[in-house]
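With the UniProt record's numbering, the residue at position 23 of the sequence shown is 23, and numbering never jumps.
Quick reminder that beta carbons are idealized off the backbone N, C-alpha and C, glycines included.
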Amino acid sequence: MSTLTKAGIVDYIYERTESNRAEIKDLVETILDIMKSAVKKDHALLISGFGKFEAYDKRARKGRNPQTSQTITLPPRKVVVFRLSRKFRSELNPS
């Protein structure tokens, strides 16, 4: 199994268009910046037919250091979850 990287996305677009690689890289960076700022600002990003990214606040909780078995308090933090759209889910799991 291989992972598609940002460079892989740039290469994929480059092979299918007549733009130069630098322009494509800037475009991909801009799209990713828009996505990041939307999740930070609105706590959600919906891409129709693909899915929804949502940011949640997690409360502080108790944890344990596995090396020392010492109980510690993990600080509050934000997490991002991705939920597939129904359309994409049905494409992944054809019946």
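Distance between residue j and residue i (C-alpha atoms, nearest Å)
i          : j          : result
residue 23 : residue 57 : 36 angstroms
residue 80 : residue 46 : 13 angstroms
residue 51 : residue 36 : 15 angstroms
residue 20 : residue 94 : 37 angstroms
residue 73 : residue 89 : 37 angstroms
residue 86 : residue 4  : 23 angstroms
residue 33 : residue 15 : 23 angstroms
residue 17 : residue 11 : 10 angstroms
residue 75 : residue 59 : 7 angstroms
residue 42 : residue 25 : 25 angstroms
Three-way DSSP call (helix, strand, coil) for residue i in this model
i          : result
residue 60 : coil
residue 49 : coil
residue 84 : strand
Opposing strand residues paired with residue i [DSSP bridges]
i          : result
residue 77 : 58
residue 71 : 64
Best match in the options for proximity to residue i [C-alpha to C-alpha]
i          : options       : result
residue 31 : 9, 49, 17     : 9
residue 55 : 13, 4, 77, 63 : 77
residue 91 : 66, 49, 7     : 49
residue 44 : 4, 83, 17     : 83
Supposed close pair residue i, residue j - CB separation, criterion 8 angstroms
i          : j          : result
residue 28 : residue 6  : 6 angstroms
residue 71 : residue 64 : 6 angstroms
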